[in-house]
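**Q** Got a structure here, written out as structure tokens. Questions coming.
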Amino acid sequence: MCLQELRAEIRPVRNLAQPPPSVSPPPLSRPQSRPSPAHTTMYNHIMPRSERRPDDPASFVAGFVSNEHAATSATLSYDEYLRLVAADPYAASRTSYQYLRDAITSFGADTVKDMGRTFPRFTVFSDPFFGGQKRVVGQIRAIAALFKHIDACAKQEEDESIYILVGPPGTGKSRIFSLIEKGLEEYSRTPPGAAHTLNWLFREKFEMEGEARGLGFRKFEDLASETESYAHLPEDEIFSKVECQVRDHPLALIPRKVRKDAIARVIEQRVESLKRDLTAAAKEEVSRLRALVVPQKLVEAELCRNCQNIRDRLLELYDGDWEKMTKHVQVTRWHYSLEMGRGIAEVDPGVNVETELSPASHDENKSNLSGLLRGIRLYTFHGKPASANRGLINYQDIFNKSHQQLQHLLSAVEEKTVSFGDVTMKVDYAIFGSTNLPENRLLEEDVLTEGLRDRIEQIQVPYLLTFTDEEQIYEPNVREIRKSQHVAPHSIRVGALYAVLTRLRTPGLADYFTAERRRMQQFEHDKAKFESRKFLLLRQEEVIKRMTLLQKAKLYAGDLGWINHERADLLTDAFLSAIREEHRGAEGTSGRSPRWFKRILGRLSMDENNRCINPFQVYAQIQATCDAETQPLLDMVQEDYNRSVVREVEEALFEVTEADLLRRVEGYLEHARAFVRKESVFDTFQKKNVDPEEFLSREEDFLDLAAGSRGDYRVSVVQKFGKAAVAAGTRPNPRDAVPELFDRYRERLYRSVRDKFNFQAFLLALERFDPAEQDPFDELKPVPGPGSAEKAASEVGRVLNNLRRRSAAAASERAGYCNDCAKKVVKYVLTNEKTRGHFLAGK
Ligand SMILES: [Zn+2]
Ligand SMILES: [Zn+2]
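Quick note on my numbering: the sequence shown kicks off at 148 and runs consecutively.
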């Protein structure tokens, strides 16, 4: 074709003689040479790549994916991999347990003190992945126990076992594991979480020559002269790539007999190179490396049967040249994934765990290779253990399976091997499980064989014993109910506290006191110490004798309000811990479940006419289920409820707040201290120093103190406060330090307003007020009038508004009272026989 012809070829189809398309549009089917205006508008948001701006969504996504890919992938030759090992021998030589521990701690942790003991609290269990929605509530002790085992296995201080979370349904057992699994997935995408495995690569040339000659690998010498790794071969030069299906550890490629030595040499080299560096960080790393122990599991690790076969065949072909064999090895990063069955395996009760082996005939890469490496047999491994390798396997409801089905766990945990029919594979994974079966059932003959039973470690995951934690369990339910109904304050508390009370056991602490008395004998020569010890134990015994279950529940929740300040020093760590441990294994294994209370909430929210779920309804629902044994527990809940609402209603009625009280008490304390020290007090109004006497006698008139005892009273208050400050090591809250003065102020303040309060008129007006007539959260605006009825109505408005405002200030409006429940609670407090006296006759 000459140039002219070519030009003719590319000349536009339409020539000038034809009418332009605007005059006579071409038929629709004909391709248009230029997009119509409509067409342009419709697609003009699709820009060529080069014209895209950086904030374009596609660029944004593409940028993210490419950064993510760069940050989380790696393709290395075996040589390069060994350099990586040299840079951080610990990270590269981790076992499944070490990796697991690092993944859990990588999200951060703090410590928390609970009943005399300190526990680690790991952020990963607060669910950093879904904004806390799937967090584990409470269970600090169970998680700490599980972590202790994981850590001990990581340090090779403990023989690996099958770790089973034992507890009733709904206690968060499966959440604990699913957050560990999510943690593994995320951690393996971070730089410190890099985990590697290997692939086998073969060049096309390699195969062609073999095939062409029909002589297998006779021509191998040609190839053997090449030493460069195939790891970075371009895709089109790779003839066959075999990925290790069970993610073998690349270090397992080093022969077992010299593996430990080889890794030790790598570590030694690293130490030598660091020695030249004089920084503190380098020194620290040296000491870390010196302490590093190559894990036994890694020393004994073996490649899977496929990798073994390929390795052996290549070594044979290369005449035992290990380095030449490794040029076929490509090391890559892999990521844990439950969905893909990589390093994480979940076994549902219904799923078959059985392992199976099949010839890899359907796998093109592998069958290619079978032709390539003559006589080699390659398999595909089936089953959860193949997925679990280098991570964990988790058996949900583990004893739902017969012991025959679980028998394979014994070799997995003891020998670290799993049998796939003809082939036995060395594995490295943690074995977890959970069960709802009570502990004693596990010891029965038919559930477990003896060998297996010996390898099981149980970790108790009981119902929660802290009612404030228990309340959090119901948060999702409350959120759901709030879409259509109001949930009055304390409604959830009533249910949560009752449920916790049904789980608690009465404290006795006989063992603790016996042991402490015995220990006391060692101080016999030290009379003072002996006596103070004896006195402490006597007073502790007194506390235990009187302790109600409600007080125990408060103690578990860290609320010490029930014990007066002078006795708080009795709550030593050893004492608290003894109380908490006394019924370990029993407390929280029976009693009401969270599901039970969820059902009650469900029933209450079903009733469409019920605009507001309140504690009285919850109480009635619970009472319907009570018997002689549990009624006293519900009475305790009511007692606790009464105490809270009396204060709330008091404050709404009389507008005496805790802050007011505190101010008055602080003022009195300041002046009494000056009185005792014979000092003056600076008066901010008069702007000069004044004698405290005038202030004190005015307050004491108000407090109704007998004239003759006032001097002593001032001294005793100051002393008490000073003692409390010494005991606390800091300035205590006057409410705890001088509760008597606090209560006296409260009572006098209330009495002063109560005396002017007309209860009968108020109750009548309250009865007349119908909250259904308006939005439950609208401010009440009663019309003020001269008559006593109008006055009472405006009083009702004031009190209900106060109650709503006060409770709403704490959280969102919906967390406070609505007009409906505000009315009910005020009426309850003013008419209930247990609370009414408080208002009519004083304390
Ligand atoms: Zn393998
Ligand atoms: Zn309400």
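From the three backbone atoms N, C-alpha and C, an ideal C-beta is built for every residue, glycine too.
1. From what residue to what residue does the beta strand (DSSP E) around residue 388 run?
2. Looking at chain C, is there any beta carbon in it that lies within less than 8 Å of the beta carbon of residue 730?
3. Looking at C-alpha atoms only, which residue of 546, 536, 671, 786 is the closest neighbour of residue 313?
4. Would you kindly work out how many angstroms separate the C-alpha atoms of residue 985 and residue 978, rounded to a whole number?
5. Can you find the residues in the same chain that come closer than 7 Å, C-beta to C-beta, to residue 981, ignoring five residues on each side of it along the sequence?
6. Do residue 523 and residue 460 have their beta-carbon atoms positioned less than 8 Å apart in this structure?
7. Under DSSP, the beta strand (DSSP E) around residue 572 begins and ends at which residues?
8. Bridge partners for residue 1047 per DSSP, in chain order?
9. Would you call residue 424 buried or exposed, if buried means 16 or more other Cβ atoms sit within 10 Å of its Cβ?
10. According to the neighbour-count rule (16 or more other Cβ atoms, all chains shown, within 10 Å of its Cβ), is residue 549 buried or exposed?
11. Alpha carbons only, please: which of 297, 440, 802 is nearest the one belonging to residue 243?
12. Under 7 Å: does the beta carbon of residue 633 sit that close to some heavy atom of ligand 2?
13. Would you mind giving the Cβ-Cβ distance between residue 1002 and residue 676, rounded to the nearest angstrom? I have them listed as a contact below 8 Å.
14. Taking the beta carbon of residue 575 as the centre, do at least 16 other beta carbons fall within 10 Å, making it buried, or is it exposed?
15. Comparing C-alpha positions only, which one of 578, 604, 422 sits nearest to residue 437?
16. Look up residue 245 in the DSSP assignment and say whether it is helix, strand or coil.
17. The alpha helix (DSSP H) spanning residue 457 covers which residue range?
18. State buried or exposed for residue 536, treating a residue as buried only when at least 16 other CB atoms are found within 10 Å of its CB.
19. Can you tell me whether DSSP reads residue 743 as helix, strand or coil?
20. Less than 7 Å between the CB of residue 232 and some heavy atom of ligand 1, yes or no?
21. Please state whether DSSP places residue 281 in a helix, a strand or coil.
22. Could you work out which residue in 261, 755, 909, 345 is closest to residue 630 when comparing CA atoms only?
23. Give the straight-line distance between the Cα atoms of residue 607 and residue 949, rounded to the nearest whole angstrom.
24. Nearest to residue 415 by CA position, among 233, 310, 557, is which residue?
25. Helix, strand or coil for residue 219, going by three-state DSSP, please let me know.
26. Could you tell me the boundaries of the alpha helix (DSSP H) in which residue 580 lies?
27. In the DSSP assignment, find the beta strand (DSSP E) that holds residue 550 and state where it starts and stops.
28. Return the chain-ordered ranges of every beta strand (DSSP E) run that is complete within the segment 801-840 and spans a minimum of 3 residues.
29. Find the nearest neighbour of residue 946 within the set 816, 927, 824, judged by alpha-carbon distance.
30. If you count every other CB in all the chains shown that lies within 10 Å of the CB of residue 839, and 16 or more means buried, which is it?
31. To the nearest angstrom, report how far apart residue 697 and residue 784 are at their CA atoms.
32. Note down the Cα distance separating residue 211 from residue 203, rounded to an integer number of angstroms.
33. When you measure from the CB of residue 316 to every non-hydrogen atom of ligand 2, does any distance come out below 7 Å?
34. Any heavy atom of ligand 2 closer than 7 Å to the CB of residue 773?
35. Which runs of the beta strand (DSSP E), 3 residues or longer, sit entirely within the segment 603-666?
36. Between residue 395 and ligand 1, is the CB less than 7 Å from at least one heavy atom?
**A** Inspection of the coordinates gives the following:
1. Where residue 388 is concerned, the enclosing beta strand (DSSP E) stretches over 385-390.
2. In summary, chain C is missing from the structure at hand, where a single protein chain is found.
3. Ranked by Cα distance from residue 313, the first of 546, 536, 671, 786 is 546.
4. In this structure, the straight-line span from the alpha carbon of residue 985 to that of residue 978 is close to 11 Å.
5. Excluding positions up to five away in sequence, the list reads 789.
6. In this structure, residue 523 lies closer than 8 Å to residue 460 by Cβ.
7. Its beta strand (DSSP E) spans residues 570-573.
8. Within the shown structure, residues of the chain are numbered from 148 to 990, placing residue 1047 beyond reach of any answer.
9. Residue environment: residue 424 is assigned as exposed (fewer than 16 neighbouring CB atoms within 10 Å of its CB, all protein chains considered).
10. Looking at its Cβ environment, which holds fewer than 16 other Cβ atoms inside 10 Å, residue 549 is exposed.
11. Checked all of 297, 440, 802; the closest Cα to residue 243 is 297.
12. Residue 633 Cβ: within cutoff of ligand 2.
13. Because the chain is modelled from 148 through 990, residue 1002 falls outside the range shown and cannot be assessed.
14. With at least 16 other beta carbons inside 10 angstroms of its own, residue 575 counts as buried.
15. Checked all of 578, 604, 422; the closest Cα to residue 437 is 422.
16. In the three-state DSSP reduction, residue 245 falls in the helix class (H, G or I).
17. Counting along the chain, the alpha helix (DSSP H) containing residue 457 begins and ends at 452-464.
18. Residue 536 is buried by the Cβ-count criterion.
19. The three-state reading of DSSP puts residue 743 in helix, counting H, G and I together.
20. Residue 232 Cβ: outside cutoff for every heavy atom of ligand 1.
21. Residue 281: coil per DSSP, three-state reduction.
22. Considering only alpha carbons, the answer is 755.
23. Taking the straight line joining both Cα atoms gives about 46 Å.
24. The shortest Cα separation from residue 415 among 233, 310, 557 belongs to 233.
25. Helix.
26. If you look at residue 580, you'll find it isn't in any alpha helix (DSSP H); it sits in the beta strand (DSSP E) that goes 577-582.
27. Careful: residue 550 lies outside any beta strand (DSSP E), inside the alpha helix (DSSP H) at 550-553.
28. Listed in chain order, they are 828-830, 835-837.
29. Residue 927 is the option with its Cα nearest to residue 946.
30. Under this definition residue 839 is a buried residue.
31. Each residue's CA atom was taken as its position, placing residue 697 and residue 784 some 8 Å apart.
32. C-alpha separation (whole angstroms): 12 Å.
33. Incorrect: residue 316 has no Cβ contact closer than 7 Å to ligand 2.
34. For ligand 2, not one heavy atom lies less than 7 Å from the Cβ of residue 773.
35. Given a length threshold of 3 residues, each whole run of the beta strand (DSSP E) inside the segment 603-666 is given here in chain order: 603-607.
36. Checking every heavy atom of ligand 1 against the Cβ of residue 395, one is found closer than 7 Å.
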